[in-house]
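Right, one structure below, let's go through it.
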Amino acid sequence: MSSLDDELSRRLEDLDRQVLRRRLRNVESPQQPQMRVGGHDLVNFSSNDYLGLATHPRLKEALIEGTTRFGVGAGASRLICGNLEAHRELEDSLARFKATDAALTFSTGYATALGTVCSLVSQDDIVILDRLVHASIIDAARLSRATLRVFGHNDMEQLEAHLQWAEKARRKADGTAGQVLVVTESVFSMDGDLAPIRNLVELKECYGAWLMVDEAHGTGLFGTHRRGVVEAMEMTGMVEIQMGTLGKALGVSGGYIAGSRVLIDWLINRARSFIFSTAPPPAVAWAAREAVRLVESEEGESLRQQLWSRVNRVKEAVVSAGWTLPAVQSPILPILVGNEEAALKLASRLQDEGFLIPAIRYPTVPRGEARLRLTVNASHTIEQIERLGRCLQSTRADFA
Ligand SMILES: *Cc1c(COP(=O)(O)O)cnc(C)c1O
488 MSSLDDELSR RLEDLDRQVL RRRLRNVESP QQPQMRVGGH DLVNFSSNDY LGLATHPRLK
548 EALIEGTTRF GVGAGASRLI CGNLEAHREL EDSLARFKAT DAALTFSTGY ATALGTVCSL
608 VSQDDIVILD RLVHASIIDA ARLSRATLRV FGHNDMEQLE AHLQWAEKAR RKADGTAGQV
668 LVVTESVFSM DGDLAPIRNL VELKECYGAW LMVDEAHGTG LFGTHRRGVV EAMEMTGMVE
728 IQMGTLGKAL GVSGGYIAGS RVLIDWLINR ARSFIFSTAP PPAVAWAARE AVRLVESEEG
788 ESLRQQLWSR VNRVKEAVVS AGWTLPAVQS PILPILVGNE EAALKLASRL QDEGFLIPAI
848 RYPTVPRGEA RLRLTVNASH TIEQIERLGR CLQSTRADFA
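Going by this note's numbering, the first residue of the sequence shown is number 488, and it counts up by one from there.
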C-alpha cells in the first residue's frame, strides 16, 4: 500500500471508532417517496424535494425538450460562449418570481455561496454569521479572508454586539471603512426553524451592514407568491442579497442570487465560481425554468398546501408516538437523539421497518447533537405517514 493509502486507512479507522464514518447509500429507483434502496423498498422521509418536482412529468419533458433544442453541454463558461437562451430565460423567470431586478444562476448552491461572498468582501471587511449556517457559507466566509464573527443561533442580541464591535473595528488607520456582511439562512437546514428576518433587517439597517439570506429551504414554500421567508415576513426589497437553490423544492439542480441589476453585474465580473466554471447544461436550466413557472402557478400553490397538510400530519404522528420535536414551522422535522450511536441505531431500526430517515451527525451538526432529520414531501400518502407513526411508537421504548 502507498503511504497515502496507509495514512488514509488510519484516518478512516479513526472515524469508524468515533461512529462518524459515512458510506454512500445506493438508490435503485428515481427520487420519490417510495424508493428502492439496497434491494429494499423504503418510504423516503429524507429528501429536500419538498413539492415532489424531481420526478414531475412537466419537468422531465422540459429537460428532454431542452436537450433537443440546446444539446447537452454548454461548451464553455457563460462569459466565453456558454450564455445560451436557456440560461437567460431561467434568470428572467427567477427575477420575476423573486420580484427583484435581476438574477444570476450558478452550477450549485455551494458554488453560489463561494462566488458571491468572496466577490463582496475581502480581508479589510467583516463577515458575521449565524452559528448554524450551511457549510457552503462557512467555507465562503473563510475563503474571503474577511474577519469572521459568529453569533449564537438566531441570537439578535449577540448579533447586535458584533455589529457594534464591527462599527468600531471597521474604521481603518487610513480613515476608509471596510464593509460588514451579515449572512444567515431563512429556514435552517438541519433544525427546520426560521430566522427572524424582520429583526435582521432592522439591525443591518441600523448599523449600515449588508444582509445575505440563503433561502435554500424557503423558496417555493413560504410567502403569498411562494418566494420564500423574506416574502412571508414582508421584507422583499429589504434584503440586498437573496440566495437560493434550484435543487430542493424546485426539484432540479443549481443555485442563484436574486437582487439588484448592479449586484448581478458585479457578480458576473467578480464571482470566481461563475467566471471560471463551465455553464450548467442548458437543458438543466430549461427544466429549472419550468420548475419556477410551476411553483408560480396554481399547481404550485396547491402542492404547497398539500405539503403543509402533510407536515401537520407527520408532526402529530411523531409527537403522539412519544418523541419530542422542537417548535419548527417547516417540512424539516429534527427528531433530536443526541448520542451519535443511538441516532444511528434508531435510523437502522426504522430502515428495517421500511423507512429512510437518516441520522445526521457531526460534522453536519455539532457533536452530541445527532438527530434523525425527517423531511416531508407533498406526495407522501396518509397511509405512509400513519405507518411511520406506528413504527416510531414501537421503537420509542428502546430509546428512552
Ligand atoms: C443545500 C444547501 C446549499 C447548497 O446547495 P447545493 O445546490 O446543494 O450545492 C446551500 N445552502 C443551504 C442552506 C443548503 O441547504
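Using N, Cα and C, we set each Cβ at its ideal position, and we do this for glycine too.
Residue i: first and last residue of the uninterrupted alpha helix (DSSP H) it sits in
i	result
W810	Unbroken run through W810: none, as it is neither H nor E.
V716	716-719
N686	684-694
D493	490-504
T882	869-883
L538	No alpha helix (DSSP H) contains L538, which DSSP labels as neither H nor E.
Distance cut-off 6 Å: residue i Cβ against heavy atoms of ligand 1
i	result
H621	yes
G596	yes
D701	yes
G679	no
T706	no
T732	yes
S609	no
G738	no
G525	no
E870	no
S676	yes
E672	yes
G896	Any question about residue 896 goes unanswered here, given that the chain covers just 488 to 887.
G742	yes
CB contact flag (residue i, residue j, <7 Å)
i	j	result
Q518	D536	yes
R575	A766	no
T587	G705	no
F763	L833	no
E654	D701	no
R504	E777	no
L635	A628	yes
G707	A682	no
G602	A758	yes
L812	R858	no
A775	V717	no
L529	L843	yes
L591	L754	yes
V604	S631	yes
V805	G679	no
P845	S534	no
A830	G876	no
V779	F584	yes
G731	Y743	yes
V506	E827	yes
L650	F638	no
R836	T882	yes
L511	A772	no
G825	R713	no
A633	V608	yes
T733	G741	The identity of residue 733 in the sequence shown is Leu, whereas the question assumes Thr. Contact flag set, yes.
Span of the beta strand (DSSP E) around residue i
i	result
Q729	728-732
G825	819-825
L511	Careful: L511 lies outside any beta strand (DSSP E) and carries neither H nor E.
E672	667-672
M657	Here residue 657 is Arg; the residue named in the question, Met, does not match the sequence. Segment: none, R657 is in no beta strand (DSSP E) and carries neither H nor E.
D701	697-701
L529	527-531
L507	Premise fails: L507 is in no beta strand (DSSP E) and is neither H nor E.
M522	521-524
R860	857-862
Below-7 Å beta-carbon distance, residue i vs any chain B residue
i	result
L630	Here chain B cannot be found, since the structure has a single protein chain.
Report yes or no: do the region 784-798 and the region 841-855 share at least 3 C-beta pairs separated by less than 8 Å?
Judged by Cβ distances under 8 Å, the region 784-798 makes no contact with the region 841-855, as fewer than three pairs qualify.
Three CB pairs or more closer than 8 Å across the region 610-628 and the region 663-673
Yes: the two stretches touch, three or more of their Cβ pairs being nearer than 8 Å.
Continuous alpha helix (DSSP H) assignments of at least 4 residues falling wholly in the region 573-651:
Note on the region 573-651: whole alpha helix (DSSP H) runs with a minimum of 4 residues are 596-607, 622-631, in chain order.
Kindly confirm or deny that the region 591-600 and the region 798-815 touch, where touching means at least three C-beta pairs closer than 8 Å.
Short answer: they don't touch.
Do three or more CB pairs link the region 544-559 to the region 680-699 at distances below 8 Å?
In the pairwise beta carbon analysis, the region 544-559 is classified as not touching the region 680-699: fewer than three pairs are separated by under 8 Å.
Give the list of continuous alpha helix (DSSP H) stretches no shorter than 4 residues that lie fully inside the region 739-819.
Listed in chain order, they are 748-757, 759-762, 769-783, 785-807.
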